[in-house]
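Numbering-wise (the UniProt record's numbering), the sequence shown opens with residue 1 and increments by one.
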Amino acid sequence: MMSGDDRRRADIVQEHMPLVGHLVREMLARVPAHVNRDDLMSAGYAALVHAARGFDDSRGVPFARFAAARVRGALLDELRGLDWASRSVRQRARRTDSARQELTAELGRNPTAQEVADRLGCSVEDIESADDDVQRAVVFSLQGFTTAGADDMVTEPSAGPEEMLIRRERLGYLRHAIEALPDRLRAVVQGYFFEERPMARIAEDLGVTESRVSQLRAEALLLLKDGLNTHLDPALAAPSKEGCVARRRTAYYDQIASRGTLKTRLAVTGPDGLPVPVAA
């Protein structure tokens, strides 16, 4: 027979089950289609139950906010465990990047999606799909800096010390990679991901069209991805090329490394893995 506390927790869980569905739908919009919805729902429900058991209303935090932070963390952990950015996806992205660099050197301009598709012997839809997966991968990393609001301050790290250290170093590299971006690309990343400004406003500030802002965002995310891979996973980095574009990319990679040491990269986040506010 359930005790009073058990019944209260069961009622809280039942009342907030729709919250899990909402957060899973939100997460599925940001990851490739092959990620299993049921796996995420199971992880989310388990986190909801744990949240109900660990909730202390004396802290003054509403349960919905407390539970949302726990569920989001569980969903992110589930995605990391599933390795949704599979090796085949990463290899396809690397081939696409290589073809783009070759065509840029040959044509003296950025190639169109059709030209890249022709070079690789695939469809434009395949190229767009590869680009989408790459962008999702980087956006997934950017979440480490864009979700550190009040909701997340009530979370408790589930990662072990070694995993947390690796995660913090990656976030440190990411911040340095963003800081090293060319001015216009950095403005798009800051405005779109960190300030959550409408694309139309960013376009107005930069004096370009919304379509151009979308292109700049894609360019920035690809550059961030290559910059991170160069330092953290060289086997996945795009092959070195000759020419002005390649030299600029190499200079960008060097800037990322020169912006700090392991100590300064770890200083970007606290021991709990949450971002440390940048001093004004």
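The beta carbon of each residue, even a glycine, is placed where N, CA and C say it ideally should be.
Note that this is a predicted model, so its numbers are computed, not measured.
heavy atom of the ligand GTP below 6 Å from residue i C-beta
i	result
R259	For the ligand GTP, the structure offers nothing, since it holds no ligand at all.
Nearest residue (CA-CA) to residue i, options the options
i	options	result
A46	F66, V20, R25	V20
R72	L262, H231, G207, H22	H22
L224	T261, V189, G270	V189
D57	M17, P161, I12	I12
R265	G44, R167, D126, Y253	R167
R259	E179, D77, E106	E179
T250	C122, A52, Q101	Q101
D6	S42, N36, G121, A52	A52
K263	E169, H231, L222	E169
Y252	S42, M27, L222, I202	L222
A257	T269, T230, R248	T230
S211	A200, S123, D205	A200
A267	T209, L165, Q255	L165
A113	S123, E106, A105	S123
V245	T104, M27, M41	T104
P234	Q91, M41, N36	Q91
F193	G207, A220, L206	A220
G270	A10, P161, E195, G191	P161
L206	G243, R247, G191	G191
P18	M41, R8, V35, R9	M41
G243	E106, E204, I202	E106
Anticipated Cβ contact below 8 Å, residue i with residue j, distance rounded
i	j	result
A177	G227	4 Å
R25	H50	Actually they do not touch by this definition, with Cβ atoms about 21 Å apart.
E78	D39	6 Å
L75	G54	That belief does not hold up - the Cβ atoms of L75 and G54 are roughly 17 Å apart, past 8 Å.
L48	A67	6 Å
Just checking, does the stretch 50-64 make contact with the stretch 168-187 on the three C-beta pairs under 8 Å criterion?
Contact between the stretch 50-64 and the stretch 168-187 is absent: fewer than three C-beta pairs spanning the two stretches fall below 8 Å.
Secondary structure, alpha helix (DSSP H): runs of 4+ residues fully inside the UniProt domain "RNA polymerase sigma-70 region 4" (177-225)
Runs of the alpha helix (DSSP H) inside the UniProt domain "RNA polymerase sigma-70 region 4" (177-225): 183-189, 199-206.
Spell out a yes or no on whether the stretch 166-174 and the stretch 207-221 are touching, meaning 3 or more CB-CB pairs, one atom from each, closer than 8 Å.
Not touching, per the Cβ criterion.
For the pair the stretch 115-131 and the stretch 90-97, tell me if three or more CB-CB distances fall below 8 Å.
Using a Cβ-Cβ distance cut-off of 8 Å, the stretch 115-131 and the stretch 90-97 are in contact, since at least three pairs of beta carbons, one from each stretch, lie closer than that value.
Return the chain-ordered ranges of every alpha helix (DSSP H) run that is complete within the UniProt domain "RNA polymerase sigma-70 region 2" (12-84) and spans a minimum of 4 residues.
The alpha helix (DSSP H) runs lying completely inside the UniProt domain "RNA polymerase sigma-70 region 2" (12-84) and spanning 4 residues or more are 17-28, 37-54, 63-82, given in chain order.
Length at least 4, wholly inside the stretch 107-132: the alpha helix (DSSP H) runs in chain order:
Taking only runs of at least 4 residues, the alpha helix (DSSP H) segments lying wholly in the stretch 107-132 are 113-120.
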